[in-house]
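In the working numbering, the protein residues as written are -12 to 561. We treat Cβ as the ideally placed atom computed from N, Cα and C, and that holds for glycine. Working notes, beginning with the structure itself.
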Amino acid sequence: MTATDSHLLLRALVDEFARCGMEHACTSPGSRNTPIVLTLARDQRLRTWSHVDERCAGFFALGAAKASGKPVAITCTSGTAAANLMPAVIEAHEAGIPLILLTADRPPELRDIGAGQTIDQLKLYGDAVKWFFEVGVQEATAERMRWIRSLACRAYWTALDGRPGPVHLNIPLREPLLLEQPLGDDEPGSGGRDSGEPWLTQQWPPTTVAYAAYLDPDPPRAVVIAGDLGADREFGRRLADTVAAARVPLLADALSGARSGVATVAHWDLILRDPETAAALAPEVVYRLGDLPTSKPLRNWLAGLDEAKHIHFASDERVSDPVSRDNLRLIRPLAESITDLSAYLHPDNSDWLDQWLSADSAVAHAIAEPLSGAGLSEPTVATALGQFLPSSATLFVGASMPIRDVEEFFPALHEPPRVLANRGANGIDGTVSSAFGVAAVSDGPVVLLTGDVTLAHDIGGLLAARRTGLKLTIVLVNNNGGGIFNFLAISREGDVFEPQVATPTGLDFSIAAQLFGCAHESVDDIDSFAVALMRALRADQTTIIEVRTERVANRKLHAAVESAALAALRKLRS
Ligand SMILES: Cc1ncc(C[n+]2csc(CCOP(=O)(O)OP(=O)(O)O)c2C)c(N)n1
């Protein structure tokens, strides 16, 4: 294997990725992977994004693949560099996001003999990848060129088809790594297909099941639950319209994009906390699309619905039924599921939807008072982002309280902004990098809502602001530590709680902003928050808008909101 062999093979590999539809790749610096970096960077059809930290590169690629729905390639050098991709690979596996990992490696003769920067990279990511393949050292014969073209397509389609996920190609490279002369246009064999088509096109056969006969013919009391529906906003819109036309209550997670229309129940999470109301609103059929929202009240309610039939329209084979309630799981593309649902939902003229909507407006009315009395708080930041962001925006939400507040308080809107989050493994890691990855493939502005520990965890992700020229608006809710833990019993263990669990960082984020070339503003009321948000959306640089809150007060406010909601629901029942 010579440098010419490696470069010819890599050029064909990347050519096929681009023919299949790849548009973005992430690189990290190193020596062993320079042939891969050069090939990716010189292919005009790909946009390459350079990252110093492989962990950031992995999450940036994850964000870009999540928002575009297309596989993104990532390359890194050998050794611990490859291990740093692990968190993003796990998230991609859990969330069903297509990635193609191109790890450079030492050739076989340098493995396991103490050569530098050499670790065992075979099956490094275990079962978290859909496919691992050791590319090996090859000569660029006509036969091998056909083989690598086919291999590239197989990697691309495997990452994308069925349930998307990561694919790992381990690529050993021998020295010399670089060419003396640039490659000519020709290659052994006939090159790629003349038509510009990929070498191999693959189709994933959807499952078709006749299920209408499964249900009672009479229109049952139904609810539709929508979780994360993926990158395409059209699904959320279509689903909301379909359900509204049938007047069936729609319990939609903000991540679904379906929290709109006359059938949307915005405060379902609070409504379901009241056991009597939850029992009175028990349906006969539950239709579920997308992932199950994380809300605990929802999961408890579903777990107790013994009499109902639970029908899950799943878009891939992954099981998402943590309460073991599904009667029927229909695996088919989301677009088809929504069409099927529209044929199946009978227009409901009873007062079923009105019962849900009266509970919803009673709760909305009741919680307004504690919320407005608290000034700029964590819940009002989540609400305000719903009110102020244009529909062209994408809101990327960090784990912990931000995602819970968005789930609980994000308003129902006619044209909601897109809402994305890393919910596969619920990690706080790589959040800034993922949001920059989303910005790389988005037309509209991208706003990140994050807690302070989450921002500190991926503070190096801010390097992308300067190095990529991409722009984020970061809304930082700084409660000096992990506010979510104040809701747990551990918060009563004072001596251990603060230093070991809440972990206040005490960081001055304005200095971090300065270090990474970002603007920084502190706001303390809703009007200045709105003004700062608008200014940041118009700015040509990344801005951190910092909202200082207090963890104990935040827990009390959430408790006050819940009591107000429960009191209103009790009153409505009496
Ligand atoms: C990689 C990873 N490490 C640790 C955790 C556990 N964890 C969950 S929430 C959290 C604290 C988050 O704090 P912050 O970002 O400030 O948000 P807040 O809770 O204040 O809303 C931690 C450490 C995790 N989910 N992922």
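Report all residues from its chain with a CB closer than 7 Å to the CB of T194; omit the five preceding and five following residues, and keep chain order.
Note that T194 has pLDDT 44, beneath the 50 cutoff, so the model's placement of it is unreliable and the number below is only indicative. Closer than 7 Å at Cβ, skipping near neighbours: I318, R319.
On the CB-based measure, 16 or more other CB atoms within 10 Å of its CB, does V196 come out buried or exposed?
For V196, the predicted model reports a pLDDT of 45, less than 50, meaning its position is unreliable; a value from the coordinates is still stated below. That one is exposed.
As assigned by DSSP and simplified to three states, the class of F120:
strand
Which first and last residues belong to the beta strand (DSSP E) in which W36 is found?
34 to 37
Short Cβ contact (8 Å threshold) for S364 with N541
yes
Report back the beta-carbon spacing between L33 and A12 to the nearest angstrom; my notes put them in contact at under 8 Å.
Contact flag correct, Cβ pair sits at about 5 Å.
Would you give the residue range spanned by the alpha helix (DSSP H) that K53 belongs to?
41 to 55
Closest residue to L160 among Q104, T128, A129, A91 (Cα-Cα distance):
Checked all of Q104, T128, A129, A91; the closest Cα to L160 is A91.
State yes or no: is the C-beta of S429 within less than 8 Å of the C-beta of D445?
Cβ atoms of S429 and D445: not closer than 8 Å.
Using a threshold of 7 Å, is the CB atom of D445 nearer than that to any non-hydrogen atom of ligand 1?
no
If I'm right that E121 touches L72 with Cβ under 8 Å, what's the distance once you round it to whole angstroms?
Contact doesn't hold; Cβ gap of about 17 Å is too wide.
So, with DSSP's three-state summary, where would you put E10?
coil
Let me check you understand the geometry: is the CB of T437 closer than 7 Å to at least one non-hydrogen atom of ligand 3?
As for ligand 3, it is missing from this structure, which binds only ligand 1.
If I measure Cβ to Cβ from L187 and keep anything under 7 Å in the same chain, skipping five residues before and after, which residues do I get?
S137, C140, R141
Within 7 Å: the Cβ of A386 and any heavy atom of ligand 1?
yes
Quick check on DSSP: helix, strand or coil for T596?
The question about residue 596 has no answer, for the chain in this structure spans -12 to 561.
Is there at least one non-hydrogen atom of ligand 1 closer than 7 Å to the beta-carbon of V464?
yes
With burial defined as no fewer than 16 other Cβ atoms inside 10 Å of the residue's Cβ, what is the status of L(-3): buried or exposed?
buried
Buried versus exposed call for M521 [16 or more other C-beta atoms within 10 Å across all chains shown]
exposed
With H, G and I counted as helix, E and B as strand and the rest as coil, what does DSSP make of Y274?
strand
Beta carbon of I87: closer than 7 Å to some heavy atom of ligand 1?
no
For N466 and T264, what's the separation of their Cα atoms in angstroms?
Across the structure, N466 and T264 are spaced so that their CA atoms are roughly 34 Å apart.
Beta-carbon within less than 8 Å of R19's beta-carbon, same chain only, minus the 5 sequence neighbours each way: which residues are those?
Once the five neighbours on either side are set aside, the close Cβ partners of R19 are T64, S65, A91, D92, R93, Q104, L160, L164.
With DSSP as the reference, label P163 as helix, strand or coil.
coil
By a C-beta neighbour count over all protein chains shown, 10 Å radius and 16 as the cutoff for buried, is A427 buried or exposed?
buried
Quick one: Cα of A380 to Cα of E304, how far?
If you take the alpha carbons of A380 and E304, they lie about 31 Å apart.
Quick check: what's the CA-CA separation for G178 versus L25?
20 Å
Close-in-space but distant-in-sequence residues of the same chain around A351 (CB under 8 Å, 5 per side omitted)
Hits under 8 Å: A253, H254.
What's the gap between the Cα of C7 and the Cα of T62?
18 Å
Going straight from the alpha carbon of T251 to that of L328, what length do you get?
16 Å
On the three-state DSSP scale, how would you describe P153?
strand
Hey, quick one: how far does the alpha helix (DSSP H) through G214 stretch, first residue to last?
G214 -> no alpha helix (DSSP H), and no H or E assigned at all.
Could you pull out every residue in the same chain whose Cβ sits closer than 6 Å to the Cβ of V230, ignoring the five residues on either side in sequence?
V211, L237, A250
Under 8 Å by Cβ, that's how I've got T460 and I532 pegged, so tell me the actual separation to the nearest angstrom.
7 Å
Leaving out five residues on either side along the sequence, give the residues of the same chain with a beta carbon under 7 Å from the beta carbon of E537.
N466
DSSP three-state assignment for I325, whether helix, strand or coil
helix
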